[in-house]
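Participant: Provided herewith is a single structure, encoded as C-alpha coordinates, for subsequent inquiry.
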Amino acid sequence: MDTHKHSGERLRAYLQEKGIRYATFAAMLGVDPQNVNNWFSRGVPANKHRDVCKQLGLSFEWLLDGTLPKEASWGGASTTTVGASAQAEITGSVEEWSDDTPLDDDTVALPFLKEVELAAGSGLTAVERSSNKQLRFGKYSLKKEGVQAEHAVAVTVRGNSMEPVLPDGATVAVNTIDKTITDGKTYAINHAGQLRVKLLYRLPGGGLRIRSYNRDEHPDEEYTPAQVQEQEISVIGRVFWGAMFF
0 MDTHKHSGER
10 LRAYLQEKGI
20 RYATFAAMLG
30 VDPQNVNNWF
40 SRGVPANKHR
50 DVCKQLGLSF
60 EWLLDGTLPK
70 EASWGGASTT
80 TVGASAQAEI
90 TGSVEEWSDD
100 TPLDDDTVAL
110 PFLKEVELAA
120 GSGLTAVERS
130 SNKQLRFGKY
140 SLKKEGVQAE
150 HAVAVTVRGN
160 SMEPVLPDGA
170 TVAVNTIDKT
180 ITDGKTYAIN
190 HAGQLRVKLL
200 YRLPGGGLRI
210 RSYNRDEHPD
220 EEYTPAQVQE
230 QEISVIGRVF
240 WGAMFF
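Okay, so the sequence shown: first residue is 0 according to numbering that gives the first Met the number 0, each after it adds one.
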(Lines of atoms letter the chains of each structure in order from A and count residues from 1; the text may use other names and numbers.)
(Lines give C-alpha, C1' and ligand atoms only; values in the text may rest on other atoms or scores of the structure.)
Protein backbone atom coordinates (compact mmCIF):
# COMPACT_ATOMS: atom_id res chain seq x y z
CA MET A 1 0.00 0.00 0.00
CA ASP A 2 1.27 3.50 -0.85
CA THR A 3 1.15 5.02 2.63
CA HIS A 4 2.43 8.36 1.35
CA LYS A 5 -0.54 8.73 -1.00
CA HIS A 6 -2.96 7.58 1.68
CA SER A 7 -1.73 10.34 4.01
CA GLY A 8 -3.51 12.79 1.71
CA GLU A 9 -6.72 10.79 1.86
CA ARG A 10 -6.56 10.71 5.66
CA LEU A 11 -5.95 14.46 5.78
CA ARG A 12 -8.96 15.19 3.57
CA ALA A 13 -11.20 12.89 5.63
CA TYR A 14 -10.07 14.57 8.86
CA LEU A 15 -10.70 18.08 7.56
CA GLN A 16 -14.17 17.02 6.41
CA GLU A 17 -14.86 15.34 9.75
CA LYS A 18 -13.96 18.53 11.64
CA GLY A 19 -15.67 20.86 9.17
CA ILE A 20 -12.46 22.71 8.34
CA ARG A 21 -12.51 24.44 4.97
CA TYR A 22 -9.59 23.55 2.74
CA ALA A 23 -8.81 27.22 2.10
CA THR A 24 -8.82 27.91 5.84
CA PHE A 25 -6.43 25.06 6.49
CA ALA A 26 -4.15 26.27 3.69
CA ALA A 27 -4.06 29.70 5.29
CA MET A 28 -3.14 28.12 8.64
CA LEU A 29 -0.09 26.56 6.99
CA GLY A 30 0.72 29.54 4.81
CA VAL A 31 0.40 27.58 1.56
CA ASP A 32 -1.72 27.94 -1.56
CA PRO A 33 -5.10 26.11 -1.40
CA GLN A 34 -4.18 24.32 -4.62
CA ASN A 35 -1.22 22.76 -2.83
CA VAL A 36 -3.55 21.27 -0.24
CA ASN A 37 -5.81 19.92 -3.00
CA ASN A 38 -2.76 18.30 -4.60
CA TRP A 39 -1.86 16.63 -1.30
CA PHE A 40 -5.23 14.87 -1.22
CA SER A 41 -4.33 12.86 -4.33
CA ARG A 42 -0.52 12.79 -4.14
CA GLY A 43 0.03 12.58 -0.40
CA VAL A 44 1.29 15.08 2.15
CA PRO A 45 4.94 15.94 1.34
CA ALA A 46 7.48 14.88 3.95
CA ASN A 47 8.57 18.45 4.67
CA LYS A 48 4.98 19.33 5.65
CA HIS A 49 4.20 16.36 7.92
CA ARG A 50 5.24 18.19 11.07
CA ASP A 51 3.35 21.39 10.23
CA VAL A 52 0.16 19.50 9.36
CA CYS A 53 0.23 17.39 12.51
CA LYS A 54 1.05 20.30 14.80
CA GLN A 55 -1.69 22.53 13.38
CA LEU A 56 -4.34 19.81 13.67
CA GLY A 57 -3.09 18.03 16.79
CA LEU A 58 -2.61 14.78 14.88
CA SER A 59 -0.11 12.01 15.51
CA PHE A 60 2.56 11.40 12.88
CA GLU A 61 1.81 7.67 13.04
CA TRP A 62 -1.82 8.15 12.06
CA LEU A 63 -1.04 10.57 9.22
CA LEU A 64 1.67 8.32 7.79
CA ASP A 65 0.09 4.88 8.04
CA GLY A 66 -3.23 5.13 9.88
CA THR A 67 -1.97 3.84 13.23
CA LEU A 68 -4.36 4.81 16.02
CA PRO A 69 -4.85 6.91 18.08
CA LYS A 70 -5.47 9.65 15.58
CA GLU A 71 -4.66 12.63 17.78
CA ALA A 72 -1.60 13.47 19.86
CA SER A 73 -0.51 16.10 22.37
CA TRP A 74 1.99 18.76 21.32
CA GLY A 75 4.29 20.77 23.55
CA GLY A 76 5.31 24.41 23.41
CA ALA A 77 7.57 26.25 21.00
CA SER A 78 10.89 25.26 22.54
CA THR A 79 10.24 21.54 22.89
CA THR A 80 7.84 19.36 20.93
CA THR A 81 6.69 16.04 22.38
CA VAL A 82 6.00 13.47 19.72
CA GLY A 83 4.36 10.10 19.22
CA ALA A 84 1.06 8.62 20.24
CA SER A 85 2.53 7.32 23.48
CA ALA A 86 4.50 10.49 24.27
CA GLN A 87 2.26 12.24 26.76
CA ALA A 88 4.90 13.48 29.22
CA GLU A 89 4.45 17.09 30.29
CA ILE A 90 7.43 19.41 30.51
CA THR A 91 7.23 22.73 32.35
CA GLY A 92 10.63 23.87 31.13
CA SER A 93 13.26 22.82 28.63
CA VAL A 94 14.95 19.43 28.56
CA GLU A 95 18.41 19.67 30.06
CA GLU A 96 21.52 17.55 30.00
CA TRP A 97 23.43 17.82 33.25
CA SER A 98 26.56 16.63 34.98
CA ASP A 99 27.09 15.02 38.38
CA ASP A 100 27.76 18.37 40.04
CA THR A 101 24.37 19.81 39.01
CA PRO A 102 21.86 19.53 41.89
CA LEU A 103 18.49 17.91 41.22
CA ASP A 104 15.18 19.54 42.07
CA ASP A 105 12.87 17.64 44.40
CA ASP A 106 10.43 16.89 41.59
CA THR A 107 12.98 15.65 39.05
CA VAL A 108 15.09 12.54 38.54
CA ALA A 109 18.15 11.81 36.40
CA LEU A 110 17.82 9.36 33.53
CA PRO A 111 21.13 7.94 32.23
CA PHE A 112 21.79 8.09 28.50
CA LEU A 113 22.70 4.95 26.60
CA LYS A 114 25.64 5.18 24.20
CA GLU A 115 27.65 3.06 21.79
CA VAL A 116 31.15 2.22 22.99
CA GLU A 117 33.88 0.91 20.68
CA LEU A 118 35.11 -2.46 21.95
CA ALA A 119 38.62 -2.19 20.49
CA ALA A 120 40.36 0.65 18.71
CA GLY A 121 39.81 0.41 14.97
CA SER A 122 37.74 -2.78 15.20
CA GLY A 123 34.46 -1.14 14.24
CA LEU A 124 32.71 -3.27 16.87
CA THR A 125 30.58 -1.51 19.43
CA ALA A 126 28.57 -2.30 22.56
CA VAL A 127 25.68 -0.43 24.15
CA GLU A 128 26.41 0.90 27.63
CA ARG A 129 25.09 3.48 30.05
CA SER A 130 26.91 6.80 30.00
CA SER A 131 28.62 7.69 33.26
CA ASN A 132 28.33 11.46 32.82
CA LYS A 133 25.49 12.25 30.42
CA GLN A 134 22.03 12.32 31.96
CA LEU A 135 18.60 13.78 31.36
CA ARG A 136 16.42 15.56 33.90
CA PHE A 137 12.88 14.22 33.89
CA GLY A 138 9.83 15.09 35.98
CA LYS A 139 8.76 12.53 38.57
CA TYR A 140 5.11 13.31 37.85
CA SER A 141 5.58 12.61 34.14
CA LEU A 142 7.14 9.23 34.90
CA LYS A 143 4.35 8.36 37.32
CA LYS A 144 1.75 9.40 34.76
CA GLU A 145 3.31 7.01 32.23
CA GLY A 146 3.58 4.21 34.80
CA VAL A 147 7.38 4.12 34.50
CA GLN A 148 9.73 3.59 37.43
CA ALA A 149 12.75 5.89 37.39
CA GLU A 150 15.23 3.04 37.91
CA HIS A 151 13.96 1.40 34.72
CA ALA A 152 14.06 4.50 32.49
CA VAL A 153 16.92 5.52 30.20
CA ALA A 154 17.43 8.19 27.55
CA VAL A 155 18.63 7.70 23.97
CA THR A 156 19.74 10.21 21.34
CA VAL A 157 18.40 9.45 17.86
CA ARG A 158 21.09 9.48 15.16
CA GLY A 159 20.60 9.75 11.40
CA ASN A 160 17.57 10.49 9.24
CA SER A 161 15.86 7.09 9.32
CA MET A 162 13.14 8.21 11.75
CA GLU A 163 12.40 11.57 10.14
CA PRO A 164 10.13 13.48 10.17
CA VAL A 165 8.92 12.18 13.55
CA LEU A 166 12.31 11.85 15.26
CA PRO A 167 14.99 13.80 13.40
CA ASP A 168 18.72 13.46 13.97
CA GLY A 169 19.53 14.63 17.50
CA ALA A 170 16.07 14.02 18.97
CA THR A 171 15.93 12.59 22.49
CA VAL A 172 13.68 9.72 23.56
CA ALA A 173 13.01 8.15 26.95
CA VAL A 174 12.74 4.37 27.17
CA ASN A 175 11.02 2.04 29.64
CA THR A 176 13.43 -0.89 29.90
CA ILE A 177 10.86 -3.09 31.65
CA ASP A 178 8.45 -2.89 28.69
CA LYS A 179 10.08 -5.20 26.13
CA THR A 180 6.95 -6.93 24.81
CA ILE A 181 6.46 -5.90 21.19
CA THR A 182 3.18 -4.22 20.30
CA ASP A 183 2.96 -3.83 16.53
CA GLY A 184 3.69 -0.30 15.35
CA LYS A 185 5.10 1.02 18.63
CA THR A 186 8.56 2.56 18.91
CA TYR A 187 11.39 0.77 20.71
CA ALA A 188 15.07 1.17 21.41
CA ILE A 189 16.97 -1.93 20.28
CA ASN A 190 20.50 -3.25 20.52
CA HIS A 191 21.49 -4.60 17.09
CA ALA A 192 24.87 -6.26 17.55
CA GLY A 193 26.15 -3.29 19.52
CA GLN A 194 24.39 -0.66 17.42
CA LEU A 195 21.88 1.48 19.31
CA ARG A 196 18.75 1.98 17.18
CA VAL A 197 15.30 3.52 17.67
CA LYS A 198 12.70 1.85 15.43
CA LEU A 199 9.10 0.78 14.95
CA LEU A 200 8.77 -2.95 15.59
CA TYR A 201 6.32 -5.56 14.33
CA ARG A 202 6.03 -9.25 15.17
CA LEU A 203 6.05 -11.70 12.28
CA PRO A 204 4.49 -15.18 12.21
CA GLY A 205 6.74 -17.82 13.71
CA GLY A 206 8.59 -15.40 15.97
CA GLY A 207 10.20 -13.21 13.31
CA LEU A 208 10.71 -9.46 13.53
CA ARG A 209 10.07 -6.51 11.22
CA ILE A 210 12.04 -3.32 11.85
CA ARG A 211 10.55 -0.19 10.31
CA SER A 212 11.70 3.41 9.91
CA TYR A 213 9.47 6.42 9.34
CA ASN A 214 11.70 7.45 6.43
CA ARG A 215 10.87 4.37 4.38
CA ASP A 216 11.98 5.93 1.09
CA GLU A 217 15.62 5.78 2.19
CA HIS A 218 15.33 3.07 4.83
CA PRO A 219 13.09 0.18 3.72
CA ASP A 220 11.69 -2.40 6.12
CA GLU A 221 14.04 -5.03 7.52
CA GLU A 222 12.64 -8.50 8.19
CA TYR A 223 14.36 -11.18 10.26
CA THR A 224 13.54 -14.80 11.01
CA PRO A 225 13.89 -16.00 14.62
CA ALA A 226 17.25 -17.55 13.70
CA GLN A 227 18.45 -14.28 12.16
CA VAL A 228 17.36 -12.34 15.25
CA GLN A 229 19.66 -14.58 17.29
CA GLU A 230 22.50 -14.59 14.76
CA GLN A 231 22.50 -10.80 14.43
CA GLU A 232 22.15 -10.31 18.19
CA ILE A 233 19.01 -8.18 18.02
CA SER A 234 17.48 -7.48 21.42
CA VAL A 235 14.81 -5.08 22.64
CA ILE A 236 16.07 -2.56 25.20
CA GLY A 237 12.61 -1.16 25.92
CA ARG A 238 9.64 0.80 24.59
CA VAL A 239 9.89 4.51 23.89
CA PHE A 240 7.34 6.37 26.02
CA TRP A 241 8.44 9.96 25.43
CA GLY A 242 10.29 11.93 22.79
CA ALA A 243 11.37 15.51 22.20
CA MET A 244 13.06 17.54 19.51
CA PHE A 245 14.19 21.14 19.24
CA PHE A 246 13.61 23.32 16.19
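Beta carbons: idealized from backbone N, C-alpha and C, even for Gly.
Between the C-alpha atoms of Ser140 and Gly56, what's the straight-line distance to the nearest angstrom?
Facilitator: Their backbone Cα atoms lie some 20 Å apart in a straight line.
Participant: On the DSSP letters alone, give me the boundaries of the beta strand (DSSP E) that Ser129 sits inside.
Facilitator: That run of the beta strand (DSSP E) goes 124-137.
Participant: Within 10 Å of its beta-carbon, does Thr185 have 16 or more other beta-carbons around it, so buried, or fewer, so exposed?
Facilitator: Result: buried.
Participant: Given Ala45, which residues of its chain have a CB within under 7 Å of its CB, disregarding the five upstream and five downstream residues?
Facilitator: Excluding sequence neighbours, Ala45 sits near Pro163.
Participant: What residue range is occupied by the uninterrupted alpha helix (DSSP H) comprising Ala172?
Facilitator: Per DSSP, Ala172 belongs to no alpha helix (DSSP H); it is in the beta strand (DSSP E), 170-174.
Participant: Which same chain residues end up closer than 7 Å to Asn36 when comparing Cβ atoms and leaving out the 5 residues on each side of it in sequence?
Facilitator: The residues are Tyr21.
Participant: Taking only three categories from DSSP, how would you classify Arg20?
Facilitator: In this structure, Arg20 counts as coil in the three-state DSSP scheme.
Participant: Using DSSP's beta-bridge definition, name the partner residues of Asn189.
Facilitator: Looking at the DSSP assignment, Asn189 forms a beta bridge with Leu194, Ser233.
Participant: Could you compute how far the alpha carbon of Leu207 sits from the alpha carbon of Ile232?
Facilitator: Leu207 and Ile232: Cα-Cα distance of roughly 10 Å.
Participant: Please report the distance separating the alpha-carbon of Asp50 from that of Phe59.
Facilitator: Whole-angstrom Cα-Cα distance: 10 Å.
Participant: Does DSSP classify Ala12 as helix, strand or coil?
Facilitator: Correct three-state label for Ala12: helix.
Participant: Which residues mark the beginning and the end of the alpha helix (DSSP H) in which Pro32 is found?
Facilitator: Per DSSP, Pro32 belongs to the alpha helix (DSSP H) from 32-41.
Participant: Leaving out the 5 sequence neighbours to the left and right, which residues in its chain are closer than 7 Å to Asn174 when beta-carbon positions are compared?
Facilitator: Closer than 7 Å at Cβ, skipping near neighbours: Val146, His150, Ala151, Gly236, Arg237, Phe239.
Participant: If we call anything under 9 Å between Cβ atoms a contact, is Thr124 one with Gly168?
Facilitator: Taking 9 Å as the Cβ cut-off, Thr124 and Gly168 do not qualify as a contacting pair.
Participant: Pull up the CB-CB distance for Asp105 and Lys138, whole angstroms please, since I reckon it's below 8 Å.
Facilitator: Correct: roughly 5 Å between the Cβ atoms.
Participant: Going by CA-CA distance only, name the one from Glu220, Asp182, Glu229, Met161 that's closest to Asn213.
Facilitator: Checking every option, the nearest Cα to that of Asn213 belongs to Met161.
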